[in-house]
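Engineer: Residue numbers (this note's numbering): 16 to 196.
1. Quick check on residue 148: does DSSP put it in helix, strand or coil?
2. What is the residue span of the beta strand (DSSP E) that residue 81 lies within?
3. Once DSSP output is grouped into helix, strand and coil, what is the label at residue 120?
4. From which residue to which residue does the beta strand (DSSP E) around residue 73 run?
5. When we look at the beta-carbon of residue 170 and count the other beta-carbons within 10 Å, is it buried (16 or more) or exposed?
6. State the Cα-Cα distance for the pair residue 152 and residue 85, rounded to the nearest angstrom.
7. Report buried or exposed for residue 161, applying the criterion of at least 16 other Cβ atoms within 10 angstroms of its Cβ.
8. Using only the alpha-carbon positions, how far apart do residue 133 and residue 165 sit?
9. Given residue 117, which residues of its chain have a CB within under 7 Å of its CB, disregarding the five upstream and five downstream residues?
10. Could you check whether residue 172 and residue 147 sit closer than 8 Å to each other, using their CB atoms as the reference points?
11. Let me know the secondary structure DSSP gives residue 105 once reduced to three states.
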């Protein structure tokens, strides 16, 4: 009897996760005002990465921005200058924000901070809000690079003196968008 209950609970949990991952934040609860709009509540605060120092790290022949511990830092193509569009609790779970301000030494570009709607300070680089990826479980990984999740492409921050160019967005708008959760 106990095993049946556990199996049923497990199936229900998987179904809930699949339903949450199949939705996008485009029409959801994310705000459109102010800089660094967040989801409010505890989502952004609990998912945020406590990173105070960033550095350049060579990975795959390119220099990318990483945390002091060597975890890849990403930017989201749907974000606009000084404004995060990663606002749903699902997005923030998989893409924890890099808390600001950050310190850096000898890196090209301008680091800044935005304030999300829940008051959390998020680091930016040349105006792009910064994130890590929960799928990167060890330094030197970039499993989140080029993923199409939450309605846009996620890219590692390439250090070429300017942010990597935003990929062109598909105008089809339909389909699942490659959700990988």
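Just so you know, even glycine gets a beta-carbon here, dropped at the ideal spot from N, CA and C. Bear in mind the structure is a predicted one, so any value in this text is a computation, not a measurement.
Structural biologist: Short version:
1. Residue 148 falls in the coil class under three-state DSSP.
2. First-last of the beta strand (DSSP E) with residue 81: 77-82.
3. In the structure shown, residue 120 falls within a coil segment according to DSSP collapsed to helix, strand and coil.
4. Residue 73 -> beta strand (DSSP E) spans 69-74.
5. Buried, because 16 or more other Cβ atoms sit within 10 Å of the Cβ of residue 170.
6. One C-alpha to the other measures close to 11 Å.
7. With fewer than 16 Cβ atoms within 10 Å of its Cβ, residue 161 is classed as exposed.
8. Straight-line Cα distance between these residues: approximately 20 Å.
9. Cβ within range, chain order: 66, 67, 68, 69, 126, 138.
10. Result no, Cβ atoms of residue 147 and residue 172 do not sit closer than 8 Å.
11. If DSSP states are grouped into helix, strand and coil, residue 105 belongs with the helices.
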